[in-house]
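First to last, the protein sequences are chains A and B. Counting from 3, one number per residue, gives the positions in the first sequence under my numbering. Counting from 3, one number per residue, gives the positions in the second sequence under my numbering. Built from N, CA and C at the ideal position, the CB exists for glycine as well. Here the structure is laid out as structure tokens; the discussion comes afterwards.
2 protein chains.
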Amino acid sequence: MPPPSPPHTPPRPPVPPAPTTGPRLRTAPQGEDRERLVCPDCNYIAYENPKIVVGAVVTDATGRFLLCRRAIEPRRGFWTLPAGYMELGETTEQGAAREAWEEATARIAIDALLAVYNIPRISQVQMIYRASLSDPAIAPGTESLEVGMFAWGDIPWDELAFPSVSWALHEWRDRAGLTGFAPGTNPPPPVEGL
Amino acid sequence: MPPPSPPHTPPRPPVPPAPTTGPRLRTAPQGEDRERLVCPDCNYIAYENPKIVVGAVVTDATGRFLLCRRAIEPRRGFWTLPAGYMELGETTEQGAAREAWEEATARIAIDALLAVYNIPRISQVQMIYRASLSDPAIAPGTESLEVGMFAWGDIPWDELAFPSVSWALHEWRDRAGLTGFAPGTNPPPPVEGL
Numbered sequence: 003m004p005p006p007s008p009p010h011t012p013p014r015p016p017v018p019p020a021p022t023t024g025p026r027l028r029t030a031p032q033g034e035d036r037e038r039l040v041c042p043d044c045n046y047i048a049y050e051n052p053k054i055v056v057g058a059v060v061t062d063a064t065g066r067f068l069l070c071r072r073a074i075e076p077r078r079g080f081w082t083l084p085a086g087y088m089e090l091g092e093t094t095e096q097g098a099a100r101e102a103w104e105e106a107t108a109r110i111a112i113d114a115l116l117a118v119y120n121i122p123r124i125s126q127v128q129m130i131y132r133a134s135l136s137d138p139a140i141a142p143g144t145e146s147l148e149v150g151m152f153a154w155g156d157i158p159w160d161e162l163a164f165p166s167v168s169w170a171l172h173e174w175r176d177r178a179g180l181t182g183f184a185p186g187t188n189p190p191p192p193v194e195g196l
Numbered sequence: 003m004p005p006p007s008p009p010h011t012p013p014r015p016p017v018p019p020a021p022t023t024g025p026r027l028r029t030a031p032q033g034e035d036r037e038r039l040v041c042p043d044c045n046y047i048a049y050e051n052p053k054i055v056v057g058a059v060v061t062d063a064t065g066r067f068l069l070c071r072r073a074i075e076p077r078r079g080f081w082t083l084p085a086g087y088m089e090l091g092e093t094t095e096q097g098a099a100r101e102a103w104e105e106a107t108a109r110i111a112i113d114a115l116l117a118v119y120n121i122p123r124i125s126q127v128q129m130i131y132r133a134s135l136s137d138p139a140i141a142p143g144t145e146s147l148e149v150g151m152f153a154w155g156d157i158p159w160d161e162l163a164f165p166s167v168s169w170a171l172h173e174w175r176d177r178a179g180l181t182g183f184a185p186g187t188n189p190p191p192p193v194e195g196l
């Protein structure tokens, strides 16, 4: 019996040329034990910390799910939940609502924290909320080619942008009708080689 | 009846002189609608995003709570939960366990997400986990003057470093013995002026 195919690894994007200005050297600054990214021209230390992505699984009165088709890389053309990096000075819920507005001109009411996904490979923490659509009027923002409301059976599973989109949708389904629940976390990685 | 005293506002730290090198101008870069912090010498954009603080309410077999007395500002000398900024390449749980080790040489087993606190004023999102102490041996790390295990009745409530320490301890008490619960969030702000 032939071994199973390896999981699909998307092609790596081209590596940009090494920068010649700005923070570009990795070294331990005076008084620190960790290496940091520094600028050798002015000694600026570009502290790097994981980034928070906030988003929401938004349903309407008939239980359909809001999805946005990405206009920008990565995964342009694929469908995703409204989500994006948190900005300074906002709460996680405000960020999730802002992204729904920016990406789909969707007004949403946030209900609960649905999931916390760690993607340490790219130093991201994703916080996905459960929300309902307050106003049926939606339209693509600048980062979306199109947006739409999808019944569960119509979700384009083969055209989702990232694994966490599917995780979060299933998280919603598993908690439908419940309140006071613990948020979901990363599913176990697939077992390979068996 | 005299009006209530205003809430205590700690004195502001001195304002450092304006930088003359590195990212120091706030302006909207080409193609962006938001202002960003940029370096006029090399056009480097210092994207700023909220930072995640990870920490834990750690209890031992007798139900005592791990607290650390801070050796560094802010609030040096005051008691806090083991917590700190997430580093690149780790998960939130790994970060919380790392901080417990660094600040109190405490080995912990994480059980559940206890609370998510938004502090937008300083662009922080705090994720506090519930954990148990795996090994009774604890000792202060470089960022702690001392560490100790405190029964609820012995917690130095008047000497806690930050409001969220008290919030998280009470969150633990409110969920003691429960599983599968929703994490706590910021309590409502105190009502002033009544």
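C-alpha gap between residue i and residue j, whole angstroms
i, j, result
"residue 112(A)", "residue 22(B)", "43 Å"
"residue 60(A)", "residue 175(B)", "32 Å"
"residue 77(B)", "residue 160(B)", "13 Å"
"residue 136(A)", "residue 19(B)", "47 Å"
"residue 96(B)", "residue 178(A)", "30 Å"
"residue 190(A)", "residue 169(A)", "11 Å"
"residue 187(A)", "residue 88(B)", "17 Å"
"residue 138(B)", "residue 62(B)", "7 Å"
"residue 69(A)", "residue 82(A)", "6 Å"
"residue 66(A)", "residue 153(A)", "4 Å"
"residue 103(A)", "residue 47(A)", "34 Å"
"residue 181(B)", "residue 115(B)", "10 Å"
"residue 201(B)", "residue 163(B)", "Residue 201(B) is absent from the model: chain B starts at 3 and stops at 196."
"residue 173(A)", "residue 150(A)", "20 Å"
"residue 35(B)", "residue 122(B)", "21 Å"
"residue 183(A)", "residue 183(B)", "5 Å"
"residue 80(B)", "residue 30(A)", "29 Å"
"residue 165(A)", "residue 165(B)", "37 Å"
"residue 110(B)", "residue 32(A)", "31 Å"
"residue 157(A)", "residue 130(B)", "34 Å"
"residue 134(A)", "residue 17(B)", "44 Å"
"residue 148(B)", "residue 148(A)", "56 Å"
Three-state secondary structure assigned by DSSP to residue i
i, result
"residue 168(B)", "helix"
"residue 74(B)", "coil"
"residue 175(A)", "helix"
"residue 113(A)", "strand"
"residue 126(B)", "strand"
"residue 100(B)", "helix"
"residue 94(A)", "helix"
"residue 155(A)", "helix"
"residue 106(B)", "helix"
"residue 194(A)", "coil"
"residue 148(A)", "strand"
"residue 33(A)", "coil"
"residue 86(A)", "strand"
Residue(s) in a DSSP beta bridge with residue i
i, result
"residue 40(A)", "27(A) and 47(A)"
"residue 120(B)", "127(B)"
"residue 132(B)", "59(B) and 114(B)"
"residue 201(A)", "With chain A represented from 3 up to 196, any question about residue 201(A) goes unanswered, as that position is not in the structure."
"residue 162(A)", "81(A)"
"residue 54(A)", "127(A)"
"residue 186(B)", "117(B)"
Neighbour list for residue i in chain E, Cβ cutoff strictly below 8 Å
i, result
"residue 54(A)", "Absent here is chain E; the protein component of the structure consists of chains A and B."
The ligand ZN heavy atom lying under 6 Å from the CB of residue i
i, result
"residue 86(B)", "With respect to the ligand ZN, the structure shown offers nothing to examine, as it has no ligands at all."
Where residue i falls, given that 16 or more other Cβ within 10 Å makes a residue buried
i, result
"residue 185(B)", "buried"
"residue 91(B)", "exposed"
"residue 193(A)", "exposed"
"residue 132(B)", "buried"
"residue 128(B)", "buried"
"residue 71(A)", "buried"
"residue 101(B)", "buried"
"residue 50(B)", "exposed"
"residue 171(B)", "buried"
"residue 167(A)", "buried"
Beta-carbon proximity check, residue i vs residue j, cutoff 7 Å
i, j, result
"residue 108(B)", "residue 140(B)", "yes"
"residue 57(A)", "residue 105(A)", "no"
"residue 120(B)", "residue 64(A)", "no"
"residue 125(A)", "residue 52(A)", "yes"
"residue 37(B)", "residue 28(B)", "yes"
"residue 85(A)", "residue 55(A)", "yes"
"residue 73(B)", "residue 146(B)", "yes"
"residue 155(A)", "residue 44(B)", "no"
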